[in-house]
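Protein chains in written order, with the numbering used here: chain G, 40 to 418; chain D, 40 to 418. Idealized CB from N, CA, C, for every residue including glycine. Remember, it's a predicted structure, so these values are computed and weren't measured experimentally. Report on one structure; see the data block that follows.
Protein chains: 2
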Amino acid sequence: MYLPKGFLAGATASGIKPSGKPDLGVVSFLEPAGWAFVATTNRAAAPCVLRGRNLYSRDVLLQGLVVNSGNANCATGEQGVRDDARLAELAAGFLGAAADSVLTASTGVIGVPLPVGKIEKGIGNIKLQSELDPFAEAILTTDTRVKLSEQRLPGGARVVGVAKGSGMIHPQMATMLAYLFTDALVPQEELRRNWPAVAHDTFNQVTVDGDTSTNDMAAIFSSGLSEADGVLFWEAVREVARDLARQIAADGEGAEKLITVRVAGAYDVSDARLAARAVAGSALWKAAVHGNDPNWGRILAALGYSGARFEPERVSISLQETVIYDGGAVPFNGVALSQAMQAAEVVVEIDLRAGDGAAESWGCDLTEEYVRINAEYTT
Amino acid sequence: MYLPKGFLAGATASGIKPSGKPDLGVVSFLEPAGWAFVATTNRAAAPCVLRGRNLYSRDVLLQGLVVNSGNANCATGEQGVRDDARLAELAAGFLGAAADSVLTASTGVIGVPLPVGKIEKGIGNIKLQSELDPFAEAILTTDTRVKLSEQRLPGGARVVGVAKGSGMIHPQMATMLAYLFTDALVPQEELRRNWPAVAHDTFNQVTVDGDTSTNDMAAIFSSGLSEADGVLFWEAVREVARDLARQIAADGEGAEKLITVRVAGAYDVSDARLAARAVAGSALWKAAVHGNDPNWGRILAALGYSGARFEPERVSISLQETVIYDGGAVPFNGVALSQAMQAAEVVVEIDLRAGDGAAESWGCDLTEEYVRINAEYTT
Numbered sequence: 040m041y042l043p044k045g046f047l048a049g050a051t052a053s054g055i056k057p058s059g060k061p062d063l064g065v066v067s068f069l070e071p072a073g074w075a076f077v078a079t080t081n082r083a084a085a086p087c088v089l090r091g092r093n094l095y096s097r098d099v100l101l102q103g104l105v106v107n108s109g110n111a112n113c114a115t116g117e118q119g120v121r122d123d124a125r126l127a128e129l130a131a132g133f134l135g136a137a138a139d140s141v142l143t144a145s146t147g148v149i150g151v152p153l154p155v156g157k158i159e160k161g162i163g164n165i166k167l168q169s170e171l172d173p174f175a176e177a178i179l180t181t182d183t184r185v186k187l188s189e190q191r192l193p194g195g196a197r198v199v200g201v202a203k204g205s206g207m208i209h210p211q212m213a214t215m216l217a218y219l220f221t222d223a224l225v226p227q228e229e230l231r232r233n234w235p236a237v238a239h240d241t242f243n244q245v246t247v248d249g250d251t252s253t254n255d256m257a258a259i260f261s262s263g264l265s266e267a268d269g270v271l272f273w274e275a276v277r278e279v280a281r282d283l284a285r286q287i288a289a290d291g292e293g294a295e296k297l298i299t300v301r302v303a304g305a306y307d308v309s310d311a312r313l314a315a316r317a318v319a320g321s322a323l324w325k326a327a328v329h330g331n332d333p334n335w336g337r338i339l340a341a342l343g344y345s346g347a348r349f350e351p352e353r354v355s356i357s358l359q360e361t362v363i364y365d366g367g368a369v370p371f372n373g374v375a376l377s378q379a380m381q382a383a384e385v386v387v388e389i390d391l392r393a394g395d396g397a398a399e400s401w402g403c404d405l406t407e408e409y410v411r412i413n414a415e416y417t418t
Numbered sequence: 040m041y042l043p044k045g046f047l048a049g050a051t052a053s054g055i056k057p058s059g060k061p062d063l064g065v066v067s068f069l070e071p072a073g074w075a076f077v078a079t080t081n082r083a084a085a086p087c088v089l090r091g092r093n094l095y096s097r098d099v100l101l102q103g104l105v106v107n108s109g110n111a112n113c114a115t116g117e118q119g120v121r122d123d124a125r126l127a128e129l130a131a132g133f134l135g136a137a138a139d140s141v142l143t144a145s146t147g148v149i150g151v152p153l154p155v156g157k158i159e160k161g162i163g164n165i166k167l168q169s170e171l172d173p174f175a176e177a178i179l180t181t182d183t184r185v186k187l188s189e190q191r192l193p194g195g196a197r198v199v200g201v202a203k204g205s206g207m208i209h210p211q212m213a214t215m216l217a218y219l220f221t222d223a224l225v226p227q228e229e230l231r232r233n234w235p236a237v238a239h240d241t242f243n244q245v246t247v248d249g250d251t252s253t254n255d256m257a258a259i260f261s262s263g264l265s266e267a268d269g270v271l272f273w274e275a276v277r278e279v280a281r282d283l284a285r286q287i288a289a290d291g292e293g294a295e296k297l298i299t300v301r302v303a304g305a306y307d308v309s310d311a312r313l314a315a316r317a318v319a320g321s322a323l324w325k326a327a328v329h330g331n332d333p334n335w336g337r338i339l340a341a342l343g344y345s346g347a348r349f350e351p352e353r354v355s356i357s358l359q360e361t362v363i364y365d366g367g368a369v370p371f372n373g374v375a376l377s378q379a380m381q382a383a384e385v386v387v388e389i390d391l392r393a394g395d396g397a398a399e400s401w402g403c404d405l406t407e408e409y410v411r412i413n414a415e416y417t418t
């Protein structure tokens, strides 16, 4: 997938990952880019997150992005702060930009010092190009595939997104990195005003395992080289973010299926988000989906503890377009519904009949493979 | 284990469970008993929970308790409310008491009508006795063993507790039933004043899978037949509740190990509870414990999203009595620590160095077996 006008990217294998896979990616912003960003609320946030917040508060334009995978540079003390600054300097030197105009990100194992020497040696091997795929691969950890998405706007401007996900995925960004690039000319102020809401409706509605990670961020960058309609632009941004969120959920650790939960009729949007996330994140429902088991009691129980306001006697629940609960149990063909659940995507639709709030959430089934992956990660 | 003075119990297999295992238990209170109770906050709470709250608000003394397993009588509509009232009537008839003096509870699958006909036929087969074990067995669902605990007070009064747990276990009671019986003479008002705090520190600090169930309650009943010292009494109650909480966590679905998390130095008790629960409930840390992997980054990450206030540079973390983090990574022998993690109980001790708050939480490792159990439950 090609980047919009004004961006070039590249990647290399610098040796951070013992596997020898690509682990270092940079994006060069040919024009100083307006940007907006949201990051993890985790109190043990990594130096890259703290540094990104600092840049953001200073309202500077950016000239580049550098991401390493295989090492989160988190819980690495003062040395970690210095190493993160050094990562920015090395990328800035490579890109011919000021260090304070480069956003950093690290993802991978926590608590191990970042091998900056390897990055220093490796970064010169990167070839910048308009294709984003090598970068998309270099930012992965336990993901099984790259995550890319694109929307074109009338007039030629584009919105292109890339993300990584997999484990420690939950509302508040988790081990999730997501970057959207656009050449559409959008004022910095408008980017910052609208981006958090997009992130809340998309990336913050993804849950894989309930663990909120220390290194996560979702950012959007605009080179401003093309004119675009503001309304259509935000629709495109939302669609790219939503598509990446779905890809992250579908590729959750050990996942075999994407779970999509759509809630309508909630008391308000906040309740709708809570309700959708509770169902998508319920370990019991996730395990039931894995076993193709239309056990709607677990959906109702998750709604019940979600914090959303509703009366159980008024709720309706559909699974794969079959109504299974409507103020009470509805008879259904269990064998047929279990077969329908064998699809790559299992869709739960809920009407709380308590108001006008609507939201979606995405998760994945809970599998034996998730346990295997996470029982042995550092050792 | 024998009940305190003033209580008799019994159980039978009424045929609710297809396996033919015991599924119906009653406790007879020979003296009208003072009591206190806390129950699930789930919005889809079952009729038994709503009925229990109603009895509680009316401040009546109780003469009996009836529990069925194998069917939660939840999300069963108006019929469910009638069936729950009928369960109370049948037990009251058997015990020779008024229906409004009998507390009901149901646990098991959600959304299936309660087979009251089977209960009506079966209840007469129950033989009342002072041994609690048959009752303890009859309230189990996917639990692998009975959960009983006892403390004796100077002067002869006793506190005896029984519980069931297993899946859908999380703060707010989950699929947890816990009953404590005592012959110690304690005013009803004192029971009600102190019981919630005990439940918060014990049953509400157990997490198996993050799902809060629809049917759960923890209650204490006093026959008042023996004198006892108030301070020693509450220490005994707390110890029985704590012991049952640990038994519930250790027998979580698929669990091979008990995880105990002790937090000290929290800003306040509320923060300590949050921090301990977040670590005990982290899917990633639970999977790491399963794999004997001393991956402390996951502990730190869980503390970070717990909501507790602390500075990562001040925290210390010990695992099986080995310090592994103290404001930063501490070198340790990974092979030896991994071996130490093969014990039946894995203990994490955390000092947040932010205040005086302390709390414990209990959970269990996340295993492939948890997924297998929950992928096929109704089908």
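> How should V374 (chain D) be labelled, buried or exposed, when 16 other C-beta atoms within 10 angstroms of its C-beta is the threshold for buried?
Replying inline: For the purposes of this step, residue 374 (chain D) is taken as residue 335 along the second sequence, with counting starting at 1. The residue is exposed, with fewer than 16 neighbouring Cβ atoms inside 10 Å.
> Per DSSP, which one or two residues make a beta bridge with Y218 (chain D)?
Replying inline: Taking the second sequence and counting its residues from 1, the one referred to as residue 218 (chain D) is at position 179. The partner list for Y218 (chain D) (beta bridge, DSSP) reads D:V201, D:A258.
>> Need the endpoints of the alpha helix (DSSP H) that C87 (chain D) sits in, please.
In response: The sequence position of residue 87 (chain D) within the second sequence is 48, counting from 1. Start and end: 86-96.
> Could you give the uninterrupted runs of the alpha helix (DSSP H) lying entirely in the region 271-306 of chain D, keeping only those of 4 residues or more?
Replying inline: none
>> When you compare the region 374-386 of chain G with the region 342-353 of chain G, are there three or more beta-carbon pairs, one atom per stretch, that lie closer than 8 Å?
In response: no
> Does DSSP classify A213 (chain G) as helix, strand or coil?
Replying inline: For the purposes of this step, residue 213 (chain G) is taken as the residue at position 174 of the first sequence. The predicted model places A213 (chain G) with a pLDDT of 40, which falls under 50 and marks its position as unreliable; any figure quoted below should be read in that light. DSSP places A213 (chain G) in coil when its eight states are reduced to three.
>> My output table needs one value for L42 (chain D): the three-state DSSP class, helix, strand or coil.
In response: Locating residue 42 (chain D) in the second sequence gives position 3, where the first residue counts as 1. The answer is coil: DSSP assigns L42 (chain D) none of H, G, I, E or B.
> Quick one, which residues of the region 342-356 of chain D are near chain G if we go by CB-CB under 9 Å, in chain order?
Replying inline: L342, G343, Y344, S345, G346, A347, R348, F349, E350, P351, E352, V354
> What distance in whole Å lies between the Cβ atoms of G330 (chain D) and Y409 (chain D), which are believed to be in contact at a cut-off of 8 Å?
Replying inline: Along the second sequence, one-based indexing puts residue 409 (chain D) at 370. Along the second sequence, one-based indexing puts residue 330 (chain D) at 291. Contact doesn't hold; Cβ gap of about 14 Å is too wide.
> For L63 (chain D), which option in D:G163, D:R92, D:T183 has the closest C-alpha, if you only look at C-alpha atoms?
Replying inline: On the second sequence, position 24 is the one that residue 63 (chain D) refers to. Looking at the Cα atoms, D:G163 is the closest of the given residues.
> S53 (chain D): buried (16+ other C-beta within 10 angstroms of its C-beta) or exposed?
Replying inline: Counted from its first residue, the second sequence places residue 53 (chain D) at position 14. S53 (chain D) is buried by the Cβ-count criterion.
> Given that a residue counts as buried once 16 or more other Cβ atoms are within 10 Å of its Cβ, and exposed if not, what is T79 (chain G)?
Replying inline: Working through the first sequence from its first residue, we reach residue 79 (chain G) at position 40. T79 (chain G) is buried by the Cβ-count criterion.
> In the DSSP assignment, what are the bridge partners of A314 (chain G)?
Replying inline: Indexing the first sequence from 1 puts residue 314 (chain G) at position 275. A314 (chain G) pairs with nothing; no bridge assigned.
> Can you name the start and end residues of the beta strand (DSSP E) that E350 (chain G) belongs to?
Replying inline: The residue given as residue 350 (chain G) occupies position 311 in the first sequence. It is not in any beta strand (DSSP E) - E350 (chain G) carries neither H nor E in the DSSP assignment.
>> Under 7 Å, Cβ to Cβ, is there at least one residue of chain D near I208 (chain G)?
In response: Here residue 208 (chain G) corresponds to residue number 169 of the first sequence, with the count starting at 1. Confidence is the limiting factor: at I208 (chain G) the pLDDT is only 49, short of 50, which leaves the residue's position unreliable and the question unanswerable from this model.
> Cα separation between M212 (chain D) and E189 (chain D)?
Replying inline: For the purposes of this step, residue 212 (chain D) is taken as the residue at position 173 of the second sequence. For the purposes of this step, residue 189 (chain D) is taken as the residue at position 150 of the second sequence. With a pLDDT of 35 at M212 (chain D), under the threshold of 50, the modelled position of this residue cannot be trusted; read the value that follows with caution. Between M212 (chain D) and E189 (chain D), the C-alpha separation is close to 21 Å.
> Does the beta carbon of I338 (chain D) come closer than 7 Å to any beta carbon on chain G?
Replying inline: Residue 338 (chain D) sits at position 299 when you count from the first residue of the second sequence. With 7 Å as the cut-off, I338 (chain D) does not count as an interface residue toward chain G.
>> One question on the structure: do A127 (chain G) and F260 (chain G) come within less than 7 Å of each other, judged by their Cβ atoms?
In response: For the purposes of this step, residue 127 (chain G) is taken as residue 88 along the first sequence, with counting starting at 1. For the purposes of this step, residue 260 (chain G) is taken as residue 221 along the first sequence, with counting starting at 1. Against a cut-off of 7 Å, the Cβ pair of F260 (chain G) and A127 (chain G) comes out as no contact.
> Interface residues of chain G around N81 (chain D) at Cβ under 8 Å?
Replying inline: In the second sequence, the residue the question calls residue 81 (chain D) occupies position 42. Those are A340, G343, Y344, listed as they occur along chain G.
> In chain order, what residues of the same chain lie with their CB nearer than 7 Å to the CB of T418 (chain D), ignoring the 5 residues before and after it?
Replying inline: Along the second sequence, one-based indexing puts residue 418 (chain D) at 379. At T418 (chain D) the pLDDT is 42, less than 50, meaning the model places this residue with poor confidence; the figure from the coordinates comes in the next sentence. Closer than 7 Å at the Cβ level, and outside the excluded window around T418 (chain D), lies no residue.
> Excluding five sequence neighbours on each side, which residues of the same chain lie with their C-beta closer than 7 Å to the C-beta of K283 (chain D)?
Replying inline: For the purposes of this step, residue 283 (chain D) is identified with residue 244 of the second sequence, where counting begins at 1. The displayed chain sequence assigns Leu, not Lys, to residue 283 (chain D). Closer than 7 Å at the Cβ level, and outside the excluded window around L283 (chain D), lie K186, S188, G200, A202, A217.
>> To be precise: take each residue of the region 232-246 of chain D, compare its Cβ to all Cβ atoms of chain G, and keep it if any distance is under 9 Å. Which residues remain?
In response: none
> Could you give the distance in angstroms between the alpha-carbon of V362 (chain D) and the alpha-carbon of I356 (chain D)?
Replying inline: Residue 362 (chain D) sits at position 323 when you count from the first residue of the second sequence. Residue 356 (chain D) sits at position 317 when you count from the first residue of the second sequence. For V362 (chain D) and I356 (chain D), the distance between alpha carbons rounds to 6 Å.
> For G194 (chain D), which residues of its own chain have a beta-carbon under 8 Å away from its beta-carbon, when the five flanking residues on both sides are left out?
Replying inline: The sequence position of residue 194 (chain D) within the second sequence is 155, counting from 1. Closer than 8 Å at Cβ, skipping near neighbours: S265, E266, A267, D268.
>> Alpha carbons only, please: which of D:G367, D:A414, D:F76 is nearest the one belonging to I149 (chain G)?
In response: Numbered from 1 along the first sequence, position 110 holds the residue referred to as residue 149 (chain G). Checking every option, the nearest Cα to that of I149 (chain G) belongs to D:G367.
> So which residues of chain D does T181 (chain G) contact, with C-beta pairs closer than 9 Å?
Replying inline: Here residue 181 (chain G) corresponds to residue number 142 of the first sequence, with the count starting at 1. Near T181 (chain G) there are no residues of chain D at all, since even the closest Cβ is about 11 Å away, more than 9 Å.
> Residues of chain G with CB under 8 Å from T51 (chain D), in chain order?
Replying inline: Here residue 51 (chain D) corresponds to residue number 12 of the second sequence, with the count starting at 1. Per Cβ cutoff of 8 Å: no residues; T51 (chain D) is ~26 Å from chain G at best.
> Using the rule of at least 16 other Cβ atoms within 10 Å of the residue's Cβ for burial, across every protein chain shown, is N93 (chain D) buried or exposed?
Replying inline: Along the second sequence, one-based indexing puts residue 93 (chain D) at 54. Result: exposed.
> Hey, how far is the Cα of L89 (chain D) from the Cα of W273 (chain G)?
Replying inline: Taking the first residue of the second sequence as position 1, residue 89 (chain D) is located at position 50. Taking the first residue of the first sequence as position 1, residue 273 (chain G) is located at position 234. Going by the C-alpha atoms only, they are around 47 Å apart.
> Using DSSP with H/G/I as helix, E/B as strand and the rest coil, what is Q168 (chain G)?
Replying inline: Here residue 168 (chain G) is taken as the residue at index 129 of the first sequence, counted from 1. In the structure shown, Q168 (chain G) sits in a strand (DSSP, three-state: E or B).
> Can T147 (chain G) and G109 (chain G) be called in contact, C-beta distance under 7 Å?
Replying inline: Counting from 1 along the first sequence, the entry for residue 147 (chain G) is found at position 108. Counting from 1 along the first sequence, the entry for residue 109 (chain G) is found at position 70. Per the sequence presented here, residue 147 (chain G) reads as Gly, with Thr not at that position. Yes, these two residues count as a Cβ contact at 7 Å.
> Can V237 (chain G) and R277 (chain G) be called in contact, C-beta distance under 7 Å?
Replying inline: Position 198 of the first sequence, counting from 1, holds the residue named residue 237 (chain G). Position 238 of the first sequence, counting from 1, holds the residue named residue 277 (chain G). Cβ distance < 7 Å, so V237 (chain G) and R277 (chain G) count as in contact.
>> If I follow the unbroken beta strand (DSSP E) through G191 (chain G), where does it start and stop?
In response: Here the question's residue 191 (chain G) lines up with position 152 in the first sequence. For clarity, residue 191 (chain G) is Arg in the given sequence; the question names Gly instead. Taken as a continuous stretch (DSSP letters only), the beta strand (DSSP E) holding R191 (chain G) covers 186-191.
> Distance, Cα to Cα, A311 (chain D) vs V300 (chain D)?
Replying inline: For the purposes of this step, residue 311 (chain D) is identified with residue 272 of the second sequence, where counting begins at 1. For the purposes of this step, residue 300 (chain D) is identified with residue 261 of the second sequence, where counting begins at 1. Rounded to the nearest angstrom, the two C-alpha atoms are 10 Å apart.
> Less than 7 Å separating the beta-carbons of A289 (chain G) and L297 (chain G)?
Replying inline: Stepping through the first sequence from its first residue, residue 289 (chain G) is reached at position 250. Stepping through the first sequence from its first residue, residue 297 (chain G) is reached at position 258. Yes. Within cutoff.
>> Between G396 (chain G) and A319 (chain G), how many whole angstroms is the CB-CB distance? I'm expecting something under 8 Å.
In response: Along the first sequence, one-based indexing puts residue 396 (chain G) at 357. Along the first sequence, one-based indexing puts residue 319 (chain G) at 280. Incorrect: roughly 16 Å between the Cβ atoms, too far for contact.
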